[in-house]
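Student: Below you'll find the structure I mean.
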Amino acid sequence: MMARAVVFPRIRSRRLKRIDGFQLLLLAFMFLLSVFMLLPIVYIFNQAFKPYQELFLYPPRFFVSHPSLDNFRELFLVTARSTVPMSRYLFNSVLIAAVAVIAVTGVSALCAFPISKHRFPGHRLVFSMIVLTLMFAPEAVQIPRYLVVSELGIMNTYFGHILPLLAMPVGVFLLKQFIDQIPDALLEAARIDGASEFIVFYRIVIPVCMPAVATVAILAFQNAWGNVESSSLFMLDESMKSFSFFLSTLTSTLGNNVALQGAAAVASLIMFVPNLIIFLFLQGKVIATMTHSGIK
Amino acid sequence: MSNKQQEAAISAASARTKLHVPAAVPAPVPAEAGIRKREAWLLRLLKEIWVYRLSYLFILPFMLCFAAFIVVPVLAAIGLSFTSYNSIQKPQFIGWRNFQYMLSQDLIFLKYAIPNTFKFSLIVGPGGYIASFLLAWLITQLPARTQRWFTLAMYTPSLTIGIAMSIVWLPLLSGDRLGYLNSVLLKLGLIESPILWVTDKAHLMGSMIVTTLWSSMGVGFLAMLAGLLNVNKELYEAGRIDGVRSRLQEIWYITIPSMKPQMLFGAVMAIVGTFKSGAIGVQLSGVNPTPEYAGHMIINHIDDYGFIRFEMGYAAALSVFLLVLMYLSNKLSWSLFGSKEDE
Numbered sequence: 382m383m384a385r386a387v388v389f390p391r392i393r394s395r396r397l398k399r400i401d402g403f404q405l406l407l408l409a410f411m412f413l414l415s416v417f418m419l420l421p422i423v424y425i426f427n428q429a430f431k432p433y434q435e436l437f438l439y440p441p442r443f444f445v446s447h448p449s450l451d452n453f454r455e456l457f458l459v460t461a462r463s464t465v466p467m468s469r470y471l472f473n474s475v476l477i478a479a480v481a482v483i484a485v486t487g488v489s490a491l492c493a494f495p496i497s498k499h500r501f502p503g504h505r506l507v508f509s510m511i512v513l514t515l516m517f518a519p520e521a522v523q524i525p526r527y528l529v530v531s532e533l534g535i536m537n538t539y540f541g542h543i544l545p546l547l548a549m550p551v552g553v554f555l556l557k558q559f560i561d562q563i564p565d566a567l568l569e570a571a572r573i574d575g576a577s578e579f580i581v582f583y584r585i586v587i588p589v590c591m592p593a594v595a596t597v598a599i600l601a602f603q604n605a606w607g608n609v610e611s612s613s614l615f616m617l618d619e620s621m622k623s624f625s626f627f628l629s630t631l632t633s634t635l636g637n638n639v640a641l642q643g644a645a646a647v648a649s650l651i652m653f654v655p656n657l658i659i660f661l662f663l664q665g666k667v668i669a670t671m672t673h674s675g676i677k
Numbered sequence: 020m021s022n023k024q025q026e027a028a029i030s031a032a033s034a035r036t037k038l039h040v041p042a043a044v045p046a047p048v049p050a051e052a053g054i055r056k057r058e059a060w061l062l063r064l065l066k067e068i069w070v071y072r073l074s075y076l077f078i079l080p081f082m083l084c085f086a087a088f089i090v091v092p093v094l095a096a097i098g099l100s101f102t103s104y105n106s107i108q109k110p111q112f113i114g115w116r117n118f119q120y121m122l123s124q125d126l127i128f129l130k131y132a133i134p135n136t137f138k139f140s141l142i143v144g145p146g147g148y149i150a151s152f153l154l155a156w157l158i159t160q161l162p163a164r165t166q167r168w169f170t171l172a173m174y175t176p177s178l179t180i181g182i183a184m185s186i187v188w189l190p191l192l193s194g195d196r197l198g199y200l201n202s203v204l205l206k207l208g209l210i211e212s213p214i215l216w217v218t219d220k221a222h223l224m225g226s227m228i229v230t231t232l233w234s235s236m237g238v239g240f241l242a243m244l245a246g247l248l249n250v251n252k253e254l255y256e257a258g259r260i261d262g263v264r265s266r267l268q269e270i271w272y273i274t275i276p277s278m279k280p281q282m283l284f285g286a287v288m289a290i291v292g293t294f295k296s297g298a299i300g301v302q303l304s305g306v307n308p309t310p311e312y313a314g315h316m317i318i319n320h321i322d323d324y325g326f327i328r329f330e331m332g333y334a335a336a337l338s339v340f341l342l343v344l345m346y347l348s349n350k351l352s353w354s355l356f357g358s359k360e361d362e
């Protein structure tokens with residue numbers, strides 16, 4: 382006890398002194414790094430609002446001096462010649478993302494709850510299978526996925542977009558880890574009060590797990606919003622393709638020419654901004670979920 | 020065999036089924052008793068399954084999608100990898116020939132896809148992972164009020180998913196003097212003529228690595244940050260009393276051991292992300308295959324055979340190879356960070 386009382390103040394004062402200089406230096410370093418990390422994104426924002434003549438300026442200027450909406454108009458004009466207007470791609474993407482977010486969170490939570498709280502025969506097997514598939518990128522098995530989708534007869538339908546997205550093992554994994562934290566007594570109390578299993582799930586598990594649900598929703602949204610695979614492989618009908626696919630066709634025509642860069646910048650803003658806004662609002666919840674993300 | 024013994028055997032068997040260890044061959048018992056015993060545990064198992072029918076109903080929707088879009092494709096890939104299949108005629112079994120061809124004759128695969136994939140993954144995988152950890156750690160060392168904003172700044176690039184990423188970078192890396200990087204370097208006098216960052220085979224790989232690293236602070240980064248924020252503070256105090264002197268020692272002896280699970284999750288995410296992002300070369304250079312195969316990865320090779328040449332059997336063999344590669348790298352990180360006391 383004595384020794385501790387003597388040692389403690391000395392350590393604390395040393396620590397305090399070290400924090401100031403170190404943190405100040407660190408703040409400066411991290412600030413510079415953040416600027417570097419955000420540079421391309423700031424650039425794309427500026428690029429999107431540059432009028433035509435500024436896009437071709439030499440030497441190129443980083444910041445826009447006369448912001449205009451020319452590029453937005455240009456983006457709509459690109460599709461004016463084709464049979465499918467851009468609004469259709471956008472509509473597809475919004476619809477797919479909305480349905481996918483709701484369906485993925487619902488399906489994943491429904492699956493995670495019994496794995497965590499019911500001791501049914503096979504629950505360990507199911508969970509270890511899910512952990513195993515965490516390690517695989519579905520991109521590796523695109524071809525058999527294509528065969529499955531065509532066998533199921535969901536080519537050229539919204540199901541073809543949405544159903545493959547539902548198989549998101551990360552979602553079940555994160556939710557299961559989070560549900561593990563709920564004390565069994567809480568669920569038991571509800572059961573004694575006569576709540577059915579579904580009510581327990583809907584009234585207790587989901588509200589308590591809101592951070593994890595939000596995180597899974599974000600991940601599902603990112604997956605759905607940026608998904609090019611389903612449009613390029615499963616959709617032959619042009620009017621069923623998504624905005625992200627449209628964007629990828631824009632880049633392939635982009636090559637090294639500057640003419641469409643403004644339009645492409647606008648399109649990538651449309652891809653990027655929803656992600657940013659959603660994350661901005663839910664950041665705290667995501668971090669809270671990730672606390673339990675560990676694989677033990 | 021007495022009644023009691025039999026009961027014990029049955030309960031042991033049912034305990035085994037609970038743990039899903041395949042029931043070992045039962046101890047030598049008369050055939051009839053064996054059958055009776057097996058019937059008994061089957062009955063018990065069925066009863067138990069029936070008791071938990073609601074649980075199965077809950078997991079059903081996910082498991083159906085999971086089976087259809089992950090399990091079946093993986094199994095199908097393994098099956099097809101032993102066949103010759105052009106997607107029109109029936110697959111024909113040809114044994115190991117796809118793998119033999121892949122590892123001995125497919126020059127593009129051996130000369131470009133494998134070295135490129137290894138080079139890319141060895142830099143981007145561990146590099147991105149270590150960077151994620153370091154940045155997450157640095158953020159936790161900052162005053163609490165600023166942490167949120169730096170997290171956002173680091174995480175934001177990973178939101179420019181997929182195709183948007185190449186659009187973000189293309190204007191910067193564009194090969195003429197209008198490309199921003201070129202124009203800056205020209206102005207500084209570091210180069211004399213514009214460099215073709217994404218179309219020259221000498222620079223494509225570098226550009227791919229930089230852009231992927233830039234966007235690699237994703238879910239794994241957030242997981243490690245959360246892990247760092249939740250390390251028990253008392254451990255640090257205890258460590259100081261026990262003679263931990265520097266922050267490096269602190270990281271090594273306290274931080275990393277107490278956030279191993281998150282480190283493992285981060286590693287898994289990094290590996291998957293790395294093998295997934297192989298297609299960036301095609302997106303950056305705008306042509307497939309990339310100029311002189313400079314950015315050709317296994318994943319591009321699969322696309323090439325699967326969707327351009329329609330040699331599905333061979334493409335499946337390539338995917339199996341990639342899956343094995345992923346599995347092995349995961350095994351490695353598992354042995355580094357996995358907890359020793361398995362459940």
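Sequence order for the protein chains is R and U. Under our numbering, the first residue of the first sequence carries the number 382, and numbering increases by one thereafter. Under our numbering, the first residue of the second sequence carries the number 20, and numbering increases by one thereafter. Ideal Cβ positions, reconstructed from N, Cα and C, are used throughout, including at glycine. Bear in mind the structure is a predicted one, so any value in this text is a computation, not a measurement.
For F118 (chain U), which residues from the same chain have a beta carbon less than 6 Å from its beta carbon, with the 5 sequence-adjacent residues on both sides left out?
Tutor: Counting only Cβ-Cβ distances below 6 Å, and skipping sequence neighbours, we find A336.
Student: On a Cα-Cα basis, can you pick out the residue from U:F101, U:F169, U:G239, U:L161 that is closest to P145 (chain U)?
Tutor: Residue U:G239 is the option with its Cα nearest to P145 (chain U).
Student: Note down, in chain order, every chain U residue with its Cβ under 7 Å from the Cβ of V522 (chain R).
Tutor: Those within 7 Å of V522 (chain R) in chain U are P92, V93, A96, S338.
Student: For N761 (chain R), which residues in chain U fall below 9 Å Cβ to Cβ?
Tutor: The structure shown does not extend to residue 761 (chain R), since chain R spans only 382 to 677, so no value can be given for it.
Student: Over what stretch of residues does the alpha helix (DSSP H) that includes W156 (chain U) continue unbroken?
Tutor: Its alpha helix (DSSP H) spans residues 133-159.
Student: Using a beta-carbon distance cut-off of less than 7 Å, what residues from the segment 419-433 of chain R approach chain U?
Tutor: Under the 7 Å Cβ criterion, the segment 419-433 of chain R contributes L419, P421, I422, Y424, I425, Q428.
Student: Below 7 Å, is the gap between the Cβ of A490 (chain R) and the nearest heavy atom of the ligand ATP?
Tutor: Of the ligands one can find in the structure shown there are none, so the ligand ATP has no counterpart to examine.
Student: I'd like the list of long-range same chain contacts for R469 (chain R), defined as Cβ closer than 7 Å, with 5 residues on each side in sequence excluded.
Tutor: So the qualifying residues of the chain are S620.
Student: Going by other Cβ atoms of all chains shown within 10 Å of its Cβ, with 16 needed for buried, is H447 (chain R) buried or exposed?
Tutor: Exposed, since its Cβ has fewer than 16 Cβ neighbours within 10 Å.
Student: Are the C-beta of A593 (chain R) and some C-beta of chain U separated by less than 8 Å?
Tutor: Not closer than 8 Å to any Cβ of chain U, the Cβ of A593 (chain R) fails to qualify, so no.
Student: Whole angstroms are fine: how far does the CA of F356 (chain U) sit from the CA of F264 (chain U)?
Tutor: Before going on, a small fix: residue 264 (chain U) reads as Arg here, not Phe. About 25 Å.
Student: If you reduce the DSSP assignment to three classes, tell me which class Q124 (chain U) lands in.
Tutor: Here Q124 (chain U) sits in coil by DSSP.
Student: Sorted by chain position, which residues of the same chain lie with C-beta nearer than 7 Å to A646 (chain R)'s C-beta, five sequence neighbours on each side aside?
Tutor: So the qualifying residues of the chain are I425, Q428, A429, N452.
Student: Counting C-beta neighbours from all protein chains within 10 Å, is the total for E253 (chain U) 16 or more, i.e. buried, or is it exposed?
Tutor: By the neighbour-count rule (16 or more Cβ atoms within 10 Å), E253 (chain U) is not buried but exposed.
Student: May I ask which residues mark the beginning and end of the alpha helix (DSSP H) holding S203 (chain U)?
Tutor: According to the sequence displayed, residue 203 (chain U) carries Val and not Ser. Taken as a continuous stretch (DSSP letters only), the alpha helix (DSSP H) holding V203 (chain U) covers 199-207.
Student: Determine whether the beta carbon atoms of P110 (chain U) and S103 (chain U) lie at a separation below 8 Å.
Tutor: Cβ atoms of P110 (chain U) and S103 (chain U): closer than 8 Å.
Student: Near V529 (chain R), what residues of its chain come up, given a Cβ to Cβ distance below 6 Å and the 5 sequence neighbours on each side ignored?
Tutor: Excluding sequence neighbours, V529 (chain R) sits near nothing in its chain.
Student: Report the neighbours of I68 (chain U) on chain B: residues whose CB is nearer than 7 Å to its CB, in chain order.
Tutor: This model lacks chain B altogether; the protein chains it does include are R and U.
Student: Give every residue of the same chain whose Cβ lies closer than 6 Å to the Cβ of F624 (chain R), excluding the five residues on either side of it in the sequence, and list them in chain order.
Tutor: Once the five neighbours on either side are set aside, the close Cβ partners of F624 (chain R) are Y470, L471, S474.
Student: Mind checking who F112 (chain U) pairs with in its DSSP beta bridge?
Tutor: Answer by DSSP bridge pairing, in chain order: U:T102.
Student: Mind the definition here: the segment 488-502 of chain R touches the segment 586-598 of chain R only if three or more C-beta pairs lie below 8 Å; say whether that holds.
Tutor: Yes, the segment 488-502 of chain R is in contact with the segment 586-598 of chain R.
Student: List, in chain order, every chain R residue whose beta-carbon is nearer than 8 Å to that of M82 (chain U).
Tutor: What M82 (chain U) touches in chain R: C492, V507.
Student: Relative to the C-alpha of E330 (chain U), which residue among U:G225, U:Q302, U:I107 is closest?
Tutor: Nearest option by C-alpha distance: U:I107.
Student: Could you tell me whether any Cβ in chain R is nearer than 8 Å to the Cβ of V287 (chain U)?
Tutor: Chain R, which has a Cβ nearer than 8 Å to the Cβ of V287 (chain U), makes this yes.
Student: Would A648 (chain R) and C84 (chain U) qualify as a contact pair, given that the criterion is a beta-carbon distance under 8 Å?
Tutor: Contact: no.
Student: Spell out whether any CB of chain R is found under 8 Å from the CB atom of N349 (chain U).
Tutor: Yes - at least one Cβ of chain R is within 8 Å of the one on N349 (chain U).
Student: How is the alpha helix (DSSP H) around H315 (chain U) delimited, first residue to last?
Tutor: That residue, H315 (chain U), is in no alpha helix (DSSP H); it is neither H nor E in DSSP.
Student: So for F356 (chain U), helix, strand or coil by DSSP?
Tutor: Looking at F356 (chain U) - three-state DSSP - the assignment turns out to be helix.
Student: Taking a contact to mean a Cβ-Cβ separation below 8 Å, would you say V143 (chain U) touches L232 (chain U) in this structure?
Tutor: It is a contact, given that the beta carbons lie within the stated cut-off.
Student: What residues of chain U sit near A646 (chain R), judged by a beta carbon separation below 9 Å?
Tutor: Under the 9 Å cutoff, chain U gives I186, V187, P190.
Student: Under the rule that 16 or more other beta-carbon atoms within 10 Å means buried, what is K431 (chain R), buried or exposed?
Tutor: When all chains shown are included, K431 (chain R) counts as buried.
Student: Thinking G314 (chain U) and N105 (chain U) are a contact (beta carbons under 8 Å), I'd like their distance in whole angstroms, please.
Tutor: Actually they are not in contact, since the Cβ atoms of G314 (chain U) and N105 (chain U) sit about 27 Å apart, beyond 8 Å.
Student: Take Y333 (chain U) and list the residues in its own chain whose beta-carbon comes closer than 6 Å to its own, dropping the five residues that flank it on each side.
Tutor: Excluding sequence neighbours, Y333 (chain U) sits near N117, Y324.
Student: Does any residue of chain R have a CB that is nearer than 8 Å to the CB of Y272 (chain U)?
Tutor: So no, Y272 (chain U) is outside the interface.
Student: Among U:P162, U:I214, U:Y199, whose alpha-carbon lies nearest the alpha-carbon of L438 (chain R)?
Tutor: The residue with the shortest Cα to Cα distance from L438 (chain R) is U:Y199.
Student: What are the start and end residues of the alpha helix (DSSP H) that includes I651 (chain R)?
Tutor: Where I651 (chain R) is concerned, the enclosing alpha helix (DSSP H) stretches over 642-671.
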